[in-house]
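Top line first, the protein sequences correspond to chains A and B.
Here the first sequence is numbered in our numbering, starting from 19 and rising by one per residue.
Here the second sequence is numbered in our numbering, starting from 19 and rising by one per residue.
Just so it is clear, CB atoms sit at the ideal spot from N, CA and C, and this is done for glycine as well.
Below you'll find the structure, written out as structure tokens, and then a few comments.
Protein chains: 2
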Amino acid sequence: MSVWSFDGTDYLDAASSDPATLGWMQGFPPPNNRLIRFSDDRCLEFPESRWSLSHIRELMATTAVQRDPSRVVSLAVPPLSQQQAIETIRFKDLSDQELSWEHGLLRTYTDGIAIMHRGHLVYERYFGALRPNYPHLSFSLTKSYLATLAATLIHHGTLNDGWLVTHLIPELKGSAYEDATVRQLLDMEVGVDYSEDYADRHSAVWQYAWATGMRPKPNPYTGPTGIRALLPTLKKHGDHGNAFDYKTPNTEVLCWMIERLTGQSTAPFLSEQLWAPLGCEFDGSLIVDPTGVAVAGAGLSVTLRDLTRFGALLCHYGVASGRQIIPEAVVEDLMRGGDVTHFPQADYPLLPGYSYHNQWWVTHNPAGAFEGRGIHGQRLYVAPKAELVIARLASHPIATSAANDPITQPLIAAVSRFLCS
Amino acid sequence: MSVWSFDGTDYLDAASSDPATLGWMQGFPPPNNRLIRFSDDRCLEFPESRWSLSHIRELMATTAVQRDPSRVVSLAVPPLSQQQAIETIRFKDLSDQELSWEHGLLRTYTDGIAIMHRGHLVYERYFGALRPNYPHLSFSLTKSYLATLAATLIHHGTLNDGWLVTHLIPELKGSAYEDATVRQLLDMEVGVDYSEDYADRHSAVWQYAWATGMRPKPNPYTGPTGIRALLPTLKKHGDHGNAFDYKTPNTEVLCWMIERLTGQSTAPFLSEQLWAPLGCEFDGSLIVDPTGVAVAGAGLSVTLRDLTRFGALLCHYGVASGRQIIPEAVVEDLMRGGDVTHFPQADYPLLPGYSYHNQWWVTHNPAGAFEGRGIHGQRLYVAPKAELVIARLASHPIATSAANDPITQPLIAAVSRFLCS
Numbered sequence: 019m020s021v022w023s024f025d026g027t028d029y030l031d032a033a034s035s036d037p038a039t040l041g042w043m044q045g046f047p048p049p050n051n052r053l054i055r056f057s058d059d060r061c062l063e064f065p066e067s068r069w070s071l072s073h074i075r076e077l078m079a080t081t082a083v084q085r086d087p088s089r090v091v092s093l094a095v096p097p098l099s100q101q102q103a104i105e106t107i108r109f110k111d112l113s114d115q116e117l118s119w120e121h122g123l124l125r126t127y128t129d130g131i132a133i134m135h136r137g138h139l140v141y142e143r144y145f146g147a148l149r150p151n152y153p154h155l156s157f158s159l160t161k162s163y164l165a166t167l168a169a170t171l172i173h174h175g176t177l178n179d180g181w182l183v184t185h186l187i188p189e190l191k192g193s194a195y196e197d198a199t200v201r202q203l204l205d206m207e208v209g210v211d212y213s214e215d216y217a218d219r220h221s222a223v224w225q226y227a228w229a230t231g232m233r234p235k236p237n238p239y240t241g242p243t244g245i246r247a248l249l250p251t252l253k254k255h256g257d258h259g260n261a262f263d264y265k266t267p268n269t270e271v272l273c274w275m276i277e278r279l280t281g282q283s284t285a286p287f288l289s290e291q292l293w294a295p296l297g298c299e300f301d302g303s304l305i306v307d308p309t310g311v312a313v314a315g316a317g318l319s320v321t322l323r324d325l326t327r328f329g330a331l332l333c334h335y336g337v338a339s340g341r342q343i344i345p346e347a348v349v350e351d352l353m354r355g356g357d358v359t360h361f362p363q364a365d366y367p368l369l370p371g372y373s374y375h376n377q378w379w380v381t382h383n384p385a386g387a388f389e390g391r392g393i394h395g396q397r398l399y400v401a402p403k404a405e406l407v408i409a410r411l412a413s414h415p416i417a418t419s420a421a422n423d424p425i426t427q428p429l430i431a432a433v434s435r436f437l438c439s
Numbered sequence: 019m020s021v022w023s024f025d026g027t028d029y030l031d032a033a034s035s036d037p038a039t040l041g042w043m044q045g046f047p048p049p050n051n052r053l054i055r056f057s058d059d060r061c062l063e064f065p066e067s068r069w070s071l072s073h074i075r076e077l078m079a080t081t082a083v084q085r086d087p088s089r090v091v092s093l094a095v096p097p098l099s100q101q102q103a104i105e106t107i108r109f110k111d112l113s114d115q116e117l118s119w120e121h122g123l124l125r126t127y128t129d130g131i132a133i134m135h136r137g138h139l140v141y142e143r144y145f146g147a148l149r150p151n152y153p154h155l156s157f158s159l160t161k162s163y164l165a166t167l168a169a170t171l172i173h174h175g176t177l178n179d180g181w182l183v184t185h186l187i188p189e190l191k192g193s194a195y196e197d198a199t200v201r202q203l204l205d206m207e208v209g210v211d212y213s214e215d216y217a218d219r220h221s222a223v224w225q226y227a228w229a230t231g232m233r234p235k236p237n238p239y240t241g242p243t244g245i246r247a248l249l250p251t252l253k254k255h256g257d258h259g260n261a262f263d264y265k266t267p268n269t270e271v272l273c274w275m276i277e278r279l280t281g282q283s284t285a286p287f288l289s290e291q292l293w294a295p296l297g298c299e300f301d302g303s304l305i306v307d308p309t310g311v312a313v314a315g316a317g318l319s320v321t322l323r324d325l326t327r328f329g330a331l332l333c334h335y336g337v338a339s340g341r342q343i344i345p346e347a348v349v350e351d352l353m354r355g356g357d358v359t360h361f362p363q364a365d366y367p368l369l370p371g372y373s374y375h376n377q378w379w380v381t382h383n384p385a386g387a388f389e390g391r392g393i394h395g396q397r398l399y400v401a402p403k404a405e406l407v408i409a410r411l412a413s414h415p416i417a418t419s420a421a422n423d424p425i426t427q428p429l430i431a432a433v434s435r436f437l438c439s
């Protein structure tokens with residue numbers, strides 16, 4: 019067993035925490051101390067998470083984001099020579115330590131990584147419990163999926179980003195969202211009293227976890243059941259529109275607006291707008307709360323290749339299989355990003371020069387890249403000007419991206435240089 | 019609103035209990051009194067069941083029985099002329115009342131029915147909440163799927179039907195299963211103290227529902243969690259091998275044996291052995307208990323067309339797309355059926371001359387038909403000598419088939435005569 023330390027805590031390394039090595043959920047039945055049960059409230063904790071993030075549907079209620087069986091578009095396996103060439107990459111992490119490509123993947127607890135360059139897969143690899151046909155929880159990449167569709171509705175004039183939330187959701191009068199606009203939701207500039215601190219068990223993110231059903235409720239439990247019972251209880255804190263302030267419930271409000279506007283619930287909407295036209299190979303899986311509502315801020319599981327397909331769609335300015343699926347203007351607007359002066363207050367020292375726009379993290383780098391980011395290492399890096407997509411699913415022990423960015427950021431930079439120079 | 023009475027209780031009829039008519043789960047959010055939540059313990063009760071049986075995955079933990087995206091075999095839509103011809107059928111139910119085809123479907127709360135004759139779909143129709151792409155809970159048809167694969171393992175010599183259960187599952191020493199054989203499991207001839215009475219809330223079937231997680235546990239709950247914790251507690255009652263006695267846990271024991279024998283859990287086994295080679299269009303969905311174990315006695319949801327594909331496979335003596343997927347001998351053995359002298363004691367007056375074999379109900383009729391049967395009206399009728407398959411998914415208010423057989427049996431006979439004479 020090998021461990022590494024972060025902030026004074028020791029964690030098993032990737033090889034030692036592989037579910038097969040540890041024997042999690044192996045055998046008929048697995049031994050009691052290797053059984054992962056939702057009710058034990060450990061399934062989203064490391065190292066159980068190394069199995070669970072590839073098996074969410076077996077732990078909680080979900081709904082299918084169906085692909086269209088008659089429209090699957092296949093992706094060719096990456097050529098071995100390209101795969102091997104990428105594996106020769108060495109790079110320095112942000113603490114100036116030199117790492118091999120392999121170490122870069124292992125140190126970030128990568129479960130799967132795929133790289134697409136100039137429209138072709140050039141790298142694809144799976145670790146731990148993930149398999150090509152298993153959807154893996156993407157956490158906040160869910161937000162980027164939904165907000166991209168919201169931006170499309172805005173482009174078509176169906177949704178107006180100047181609308182107040184209460185124009186469609188009068189239930190939110192009296193809450194933080196009463197005087198917030200669609201634009202403020204999309205760019206996460208709502209002043210709401212809600213702490214996103216995953217490490218603090220008393221923070222509001224736990225209220226969210228209980229209301230959504232992603233964690234077993236304490237007994238007794240007197241809080242809200244269901245996301246849409248939670249949202250009206252959230253109070254205003256500070257002003258809207260002044261600064262980037264990342265709050266997951268904003269996406270839940272956006273999703274509620276989209277459902278009411280389109281008359282369609284989120285899973286079939288995603289299926290119709292993305293899964294079917296993208297030719298996804300496998301159904302996505304969306305966690306639903308105890309009232310059947312999609313967990314839009316964190317609930318989507320997707321296979322590595324289907325995630326890559328979404329990245330490729332945006333990388334090609336909204337075109338897939340010769341069809342314009344997302345308007346080109348939506349992608350161009352993403353590349354331009356949000357107000358960079360609104361970003362620094364949010365204290366992301368590892369993301370200099372970034373902005374946040376339409377629930378994507380925008381790099382403002384020469385490749386025009388924007389990123390979907392989810393806790394525990396989920397990442398979708400899309401660089402249209404470099405024709406490069408990097409999709410990574412992971413089960414890093416620490417929620418915040420700040421724990422893996424010191425390796426992830428230079429790893430992405432290294433493979434970008436390798437492929438594009 | 020129209021109602022009909024059964025055994026002194028009034029039930030809304032099919033049109034009046036359509037989830038869209040009643041407003042179940044309609045709107046964002048639905049009104050509180052039209053919300054279906056697992057925790058309310060109503061989701062498998064009528065009329066909520068009319069929505070829930072097509073939405074099981076949104077209510078509980080499940081696992082995917084994946085189709086192979088590269089091997090989907092399409093089925094042509096039935097010709098309108100054939101569909102219309104079948105709809106002219108009129109027949110008499112067992113109380114000698116004349117019914118139209120349409121009334122036959124409505125009075126049995128049909129959610130979907132497909133008929134395949136000589137290898138072609140000749141009828142396909144959906145009602146209520148079911149759609150062509152929604153898997154519908156098949157209840158005990160799950161047993162027929164699994165036992166067909168068990169019979170295949172026996173044919174190949176991997177499993178021996180003379181083995182004692184404890185040969186593979188020593189954990190069941192001291193239980194009813196200690197001295198039971200595989201053959202006795204397959205033909206439901208195990209003497210076990212377990213009441214299958216769905217109408218009696220004190221019967222053992224409720225212990226099963228709580229252990230499997232298909233119903234919310236009472237609070238406090240001190241019973242077993244997980245199927246494989248329940249099975250060792252079941253005690254012997256009477257002898258094995260003397261008479262047909264339908265008990266769902268027998269299938270759970272069989273499934274446990276198959277998993278331990280093959281080293282594969284049930285969902286990927288079903289996927290590899292059936293979903294992929296059959297060219298199923300959609301993933302099946304299998305309820306898992308709180309320890310991740312497939313509910314083999316009742317947990318499979320399947321789309322109407324994929325269920326029809328399974329029937330067609332057996333109807334064609336195990337061949338699909340020109341490949342022998344199930345051995346011909348397994349189908350022939352099914353047609354020969356079990357010991358008809360062991361059946362009558364079980365008191366199924368509506369099934370004269372039947373036997374039960376390999377978890378199929380065998381008619382011994384001239385068409386060589388055998389039936390999968392699930393509570394609330396699930397049915398898969400396979401008649402190889404008539405080249406006829408009838409697949410029906412339903413949400414009848416009453417669990418027992420005895421409530422719908424007075425219409426279902428003559429309806430099947432009528433369409434058989436219509437197509438085959």
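Cβ atoms of B/Val-380 and B/Gly-356 come within 8 Å of each other, at about 6 Å.
Across the set B/Pro-367, B/Ala-294, B/Pro-384 and B/Phe-361, the C-alpha of B/Phe-361 shows the shortest separation from the C-alpha of B/Trp-378. When C-alpha distances from A/Val-306 are compared across A/Asp-129, A/Ala-82, A/Ser-339 and A/Asp-58, the shortest belongs to A/Ala-82. Taken through DSSP and simplified to helix, strand or coil, B/Ala-227 comes out as helix. Here the C-alpha atom of A/Glu-299 lies approximately 6 Å from the C-alpha atom of B/Pro-87.
Taking a C-beta distance under 8 Å as the contact criterion, B/Lys-265 and B/Tyr-216 do not qualify as a contact pair. Secondary structure note for A/Ile-245: it is in no beta strand (DSSP E), and the uninterrupted alpha helix (DSSP H) holding it is 245-248. When the Cα atoms are used, B/Leu-93 and B/Pro-150 turn out to be separated by approximately 12 Å. Selection A/Ile-107, A/Ala-32 and A/Arg-323 evaluated against A/Ala-431 yields A/Ile-107 as nearest (Cα-Cα). Relative to the Cα of A/Ala-401, the nearest Cα in the group A/Ala-385, A/Leu-30 and A/His-255 belongs to A/Ala-385. Among the CB atoms of chain A, one or more fall inside 8 Å of the CB of B/Arg-278. Only residues of its own chain outside the window of five on either side were considered, and among them Ser-413 have a CB closer than 6 Å to the CB of B/Ser-67, listed in chain order. A distance below 6 Å between beta-carbons, with the five flanking residues on each side excluded, links A/Ile-172 to the following residues of its chain, in chain order: Asp-179. If you look at A/Asp-257, you'll find it isn't in any alpha helix (DSSP H); DSSP assigns it neither H nor E. Residues of chain A whose Cβ lies closer than 8 Å to the Cβ of B/Glu-142 do not exist, since the nearest Cβ in that chain is about 16 Å away.
A/Thr-284 places its beta carbon less than 8 Å from that of A/Ala-312. Inclusion of A/Val-337 and A/Ser-156 in the CB contact set at 8 Å is not warranted, their separation being larger than that value. Within chain B, the residues whose beta carbon sits less than 8 Å from that of A/Pro-308 are Arg-55, Phe-56 and Ser-57, listed in sequence order. One Cα belongs to B/Phe-287, the other to B/Gln-202, and the distance between them is close to 23 Å. DSSP places A/Met-134 inside the beta strand (DSSP E), whose first and last residues are 128-135.
Counting only runs that start and end inside the segment 53-126 of chain A, the alpha helix (DSSP H) elements of at least 4 residues fall at 67-70, 98-104 and 119-125. In the DSSP assignment, B/Glu-290 is bridged to no other residue. Distance from the CA of B/Ser-118 to the CA of B/Ala-409, rounded to the nearest whole angstrom, comes to 19 Å. Secondary structure at B/Phe-436: helix, using DSSP grouped into helix, strand and coil. Closer than 8 Å to the CB of A/Ala-82 there is at least one CB belonging to chain B. DSSP lists A/Arg-391 and A/Arg-410 as the beta-bridge partner residues of A/Arg-397. Within the same chain, Cβ atoms closer than 7 Å to the Cβ of A/Pro-242 are found at Ala-229, Leu-248 and Thr-251, the five residues on either side in sequence being excluded. The secondary-structure analysis by DSSP pairs A/Phe-24 across a beta bridge with A/Thr-27. When only Cα atoms are considered, A/Gly-392 and B/Val-200 end up about 48 Å apart. Taking the C-beta atoms as reference points, A/Gly-122 is found no nearer than 8 Å to A/Leu-411.
The beta carbon of A/Asp-301 falls within 8 Å of a beta carbon belonging to chain B, placing the residue at that interface. For A/Pro-236, no Cβ of chain B is located within less than 8 Å of the residue's own Cβ.
Annotated three-state conformation of B/Arg-233 is coil, per DSSP.
For the set B/Ala-132, B/Phe-64 and B/Gly-209, the Cα lying nearest the Cα of B/Val-407 is the one of B/Ala-132. Taking 8 Å as the cut-off, the Cβ atoms of B/Asn-376 and B/Thr-160 do not count as close.
Beta-bridge partners assigned by DSSP to B/Ser-213: none are found.
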